[in-house]
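**Q** Residue numbers (this note's numbering), protein chains in the order written: chain A, 1 to 308; chain X, 309 to 875.
All residues carry an ideal CB built from backbone N, CA and C; glycine is no exception.
Keep in mind it's a predicted model, so treat the numbers as computed, not measured.
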Amino acid sequence: METLRYVVSRFLQSLFALLCIITITFFLARLAPGGPFLDEKAVPEHLIEQMKRNYGFDKPLPVQYGLYLGRLVQGDLGPSLGNKGFTVNEVIAEGFPVSFMLGISGLIIALLIGVPVGVVAAAKRNTAVDYSLMAFTMLGICLPTFVIAPLLGEIFGLKLGWFDVALWENSSAWFLGAVTLGLYYSAYIARLTRGSMLDVLSQDFIRTARAKGVAPVKVLFKHAFRGGITPVVAYLGPALAGLIGGSFVVETVFGLPGLGQHFIKAATNRDYWLINGTVTVFAVLILVMNFLVDVLQGWLDPRTRSNK
Amino acid sequence: MPRSLPQPARQGSLSDPTLFSLRLFLVASLAFSLPACRKESKVDIATREKILLLGNGGEPKALDPHIVSSVGDSNILRSTFEGLVTYHPENDMLHEPGVAERWEANADFSEWRFFLRENAKWSNGDPVTAHDFVYSFNRILHPKMAAPYASMLYFLKNGEAFNKSKIGDFALVGAKAVNDFELLCSLERPAPFFPDVVKHTTWLPVHRGNIEKFGAMTDSYTDWQKPGNQISNGAFMLTDWRINAQIKVRRNPHYWDAANVKPNGINFYPLDNNFTEEKAFRNGLIHYTYTTPENLIEDYKAQENTPLRIETYNGSYFYRCNVTQAPTDNADFRRALAYSVNQEVIVKYVTRGGQQPAYAFTPPSEDGYDPPDVIHFDAEKARAYLKKAGYASGADVPEFTIILNTSEAHKSIAVAIQDMWKKTLGIKNVKIENQEWKVFQQTVLDVKYDVARAGWIGDYVDPTTFLGMWVTNDSNNNTGWSNPDYDRLLRESALLSDPAQRYAKLAEAETILLDDLPVLPLYWYTRVYLLHPDVKNWNPLLLDNHPYKHIDLQSSKAAVSVKEGAN
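#1: Got a sec: is the Cβ-Cβ distance from X/P902 to anything in chain A below 7 Å?
#2: Contact criterion: CB-CB distance below 7 Å. Does X/L584 meet it with respect to chain A?
#3: Closest to X/D372 by CA distance: which of X/S528, X/V481, X/A802, X/D767 is it?
#4: Count the CB pairs spanning the segment 816-828 of chain X and the segment 658-678 of chain X that are closer than 8 Å, and state whether there are at least three.
#5: My output table needs one value for X/N742: the three-state DSSP class, helix, strand or coil.
#6: Identify every run of the alpha helix (DSSP H) within the segment 109-166 of chain A, keeping only runs that are complete inside it and at least 4 residues long; order them along the chain.
#7: Does DSSP put X/K570 in a helix, a strand or coil?
#8: So X/E744 contacts chain A; which residues on that side make the cut at Cβ distance below 7 Å?
#9: Based on Cα-Cα distance, which residue from X/D681, X/D607, X/G365, X/K730 lies nearest to X/L594?
#10: Could you name the residues of the segment 163-175 of chain A whose beta carbon sits closer than 7 Å to any beta carbon of chain X, in the order they occur along the chain?
#11: Could you tell me the distance, in whole angstroms, from the CA atom of X/G873 to the CA atom of A/V147?
#12: Pick out whichever of A/V219, A/K84, A/L102, A/W162 has its Cα sitting closest to the Cα of A/G245.
#13: Could you check where the alpha helix (DSSP H) with A/Q261 kicks off and where it finishes?
#14: Cutting at 7 Å between CB atoms, please list the residues of its own chain near A/P231, excluding the five before and the five after it.
#15: To the nearest angstrom, how far is the alpha carbon of A/K265 from that of A/L201?
#16: What is the rounded straight-line gap between the Cα of A/G177 and the Cα of A/I108?
#17: Using a 10 Å radius around the Cβ and a threshold of 16 neighbouring Cβ atoms, would you call X/S337 buried or exposed?
#18: Using a cut-off of 9 Å between C-beta atoms, extract the partners of A/M51 located in chain X.
#19: Using a C-beta to C-beta distance shorter than 9 Å, which residues of chain A count as neighbours of X/D372?
#20: So X/K521 packs on X/S494, CB below 8 Å; how close in whole Å?
#21: So, are the CB atoms of A/G78 and X/N591 less than 7 Å apart?
#22: Among X/S864, X/Q651, X/N845, which has the Cα closest to the Cα of X/E398?
#23: Under three-state DSSP, which class holds X/R617?
#24: Check A/Q74 in the structure and name its three-state DSSP category.
#25: With 9 Å as the limit, tell me which residues of the segment 145-157 of chain A have their beta carbon closer than that to any beta carbon of chain X; keep them in chain order.
#26: Pairs of beta-carbons, one from the segment 753-760 of chain X and one from the segment 784-791 of chain X, closer than 8 Å: are there three or more?
#27: Quick one: does X/Y418 have its CB under 7 Å from some CB of chain A?
#28: Decide if X/P498 is buried, meaning its Cβ has at least 16 other Cβ atoms within 10 Å, or exposed.
#29: If we define contact as Cβ-Cβ less than 7 Å, is A/G323 a contact residue for chain X?
#30: For A/V91, return the contacting residues in chain X, with the cut-off set at a CB-CB distance below 7 Å.
#31: Any beta carbon of chain A sitting closer than 7 Å to that of X/L330?
#32: Mind checking A/Y131: buried by the 16 CB within 10 Å criterion, or exposed?
#33: Within 10 angstroms of its Cβ, does X/K656 collect 16 or more other Cβ (buried), or is it exposed?
#34: Shortest alpha-carbon distance to X/I539 belongs to which of X/G523, X/G517, X/K696?
#35: What would DSSP say about A/P238, mapped onto helix, strand or coil?
#36: Using a Cβ cut-off of 7 Å (strictly closer), state whether A/H46 contacts chain D.
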């Protein structure tokens, strides 16, 4: 069956990509200067050597790589070097739900703002409303999250007192984090929606509907909206992956225990297994999302299947 | 082509705005309802419940006293474990009895007897004995353990030899349990300040049964550190640890002095962004910030009843010079560099946290060591030294580089110094290069730099914690500098029991250091932080190691001055 072959081939491609990512990450992390056992106050050489032995870093790199892959297929990501006493599995199991919640909430906010803005801008094409909305979204894309996030904290946390500005436990700070992420992605979604809505609105069946005297609002929502929103649906997968993986700034500003912080800190700490672990998780996430989108699109549009 | 856009069933639900608004409404109402029903801030509630909420820098690397090295990590351990001697709540020069009720030394301070209180208990009710300490010293010194800070126990006779696998029998190391409650420490060389040393985290005891329930003695990453597993002997015990979120400790009912422990517990928050931490403080989420952003210091200073505290800290900020290669191999050149830096300007306009210009390397301590007063900005002297170094003008100096680990604060200081060298000496070819933290550490360790930024926080009050590192080939020297007279003076100082004589000998050594200048002293640290007025009995301490059991929480009528203009 054509579809099944397409799905299987895409799946194998994803698997190959994952293996490449894991391999490159493993060796790149080891090539970086410095190491996990360096400290501000010098650690004597004989102790560093022993630490390397304790963690198996004294073996040749290809051997370590083989052992790592062996553990990986069993689902063991190894011990964290920067969070002693925790395995990488534990670290990720604690951080992922936080990032996931931030990402999902951010995505909902992004859609709630982005889609209506895009639809309105498309309906009012080339008017002052359109221009000001689009200028606004441009601002949203340009303003980095490390500017938006502290501003939201300052205004909604400290001035208005609606939210806590930091911490995780019994704290509402995560919501400001989700809003920060949502605002950023809403700008993209608004522009995406506007563009595809304009595309649809310029097509023959819309003109026919209008000519038949269908009310403009009905044309917009009944006839154009469903078609206009399709690219946004395709964008949801990568967007969610990006939201979950890209929350480092938001986590830092609001003191949230998500995965984004580990992603960055693992690299600066040379926490080898945590680097590999977080990269693998994000890679899987992105590959799964892309795979789903590809399969979905292939199903929606047979043309994508034929040119593989 | 409208037909190429089919509408799958699921898409309808995804794009259904009513469903989304319903979900957002739920999410929003949940979030909004929290602050609405909160009448008092988290800090107010915590004060009432006597739970101390502390910002604590970053996430700890571990909660095993034999693994950690950072100040933040040891803050937590100081609440859960208790050593032989502990920190005095008011003065770091004084000792508080910990597990040891009293202690005595022999005539030349090379043998110390600690008499342990018989009512000291672990959090599971077991008694704390001298054997626990011997076991712990064995653990941290064991070569297989590879404890990064094991060198703190090189004070013990044969400690270093055992750690470096030169001897294999721990019985030869100078730590003996004379009986259950008497511990005898024989030292490698006399140390009159030994009680100061044993206050350090590395000397804390661990529970043998607890360690070995989860692995071998020398395993450094087992589950024993986790809440519910960890048995400790301090005023508090670990009850919650969520990475990057919080660490909670609560009263240890078996603690020998439980009746006098003031707080019911402490929450440590690993807020490593100082702006976030400051906001959390203004928001009433924490009692204490670990740091304060430099650019807010002036605003806080201007406030009435300011929560800002600026206190002397036992640390020195300096630049290392590589003495093995030109141009910094020339002592006169290094002197020119040192005397052309106006430290006053740096602390007043760059760091702004009340830091003290460092006229020597070791920070002075009240009723303790006073370092020789040598380094002061002197343009004439600096230029004279430059001539003496063989440079007719600064333009002749070959290009060299200051390296620093990436940080705005370090960079601002380096830029100021670069400018001072240019103005005073006319040196134009000074580059500044920042390196990522681990790369930087490796570069310094390999002595592959010209000038490198550095900071050093003393582990205990004695000046040897600063001066010891400049001994030939010390693992923290990293400059290539070596001076036999300096090494000899340090060795001789260890044999002197009289503090005044010993300090004089050390000052003599420091004079050599300040003459040869393998390091350019810049300033002495201060601790700059915000403290809520509810926190009582939190006193300025040179080492900043607050014994938490004495800290009380009482609601103060005067709220923290949260002024509009604070940011």
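**A** Straight from the coordinates:
#1: It is not possible to answer for residue 902 of chain X, since the shown part of chain X is limited to 309 through 875.
#2: Here the sequence assigns Thr to residue 584 of chain X, which means Leu is not the residue at that position. It does: the Cβ of X/T584 has a partner Cβ on chain A nearer than 7 Å.
#3: X/S528
#4: yes
#5: strand
#6: 128-142, 145-152
#7: coil
#8: T268
#9: Just to set this straight, residue 594 of chain X is Ile in the shown sequence, not Leu. Taking only the C-alpha atoms, the option nearest X/I594 is X/G365.
#10: F163, D164, V165, A166, L167, W168, E169, S172, F175
#11: Residue confidence for X/G873 is low, a pLDDT of 38 falling below 50, so the modelled location carries little weight; the figure read from the coordinates is stated next. Those two C-alpha atoms are separated by around 19 Å.
#12: A/L102
#13: 259-269
#14: L192, S196
#15: 47 Å
#16: 13 Å
#17: Because the pLDDT at X/S337 is just 43, under 50, the model does not fix this residue reliably, and the point stays unresolved.
#18: A454, P456, S528
#19: K84, G85
#20: Going by Cβ atoms, the distance from X/K521 to X/S494 rounds to 31 Å, so no, they are not a contact pair.
#21: no
#22: X/N845
#23: strand
#24: coil
#25: P150, G153, E154, G157
#26: yes
#27: Before going further, note that residue 418 of chain X is Ser rather than Tyr in the sequence given. Chain A contact via Cβ: absent.
#28: buried
#29: Outside the shown range of chain A, which is 1 to 308, sits residue 323 of chain A, and nothing can be said about it.
#30: I551
#31: Any answer about X/L330 is weak, because its pLDDT of 40 lies below 50 and its placement is not dependable; what the coordinates show is given next. No, X/L330 does not count as interfacial toward chain A.
#32: exposed
#33: exposed
#34: X/G517
#35: helix
#36: Protein chains A and X are contained in the structure displayed, whereas chain D is not.
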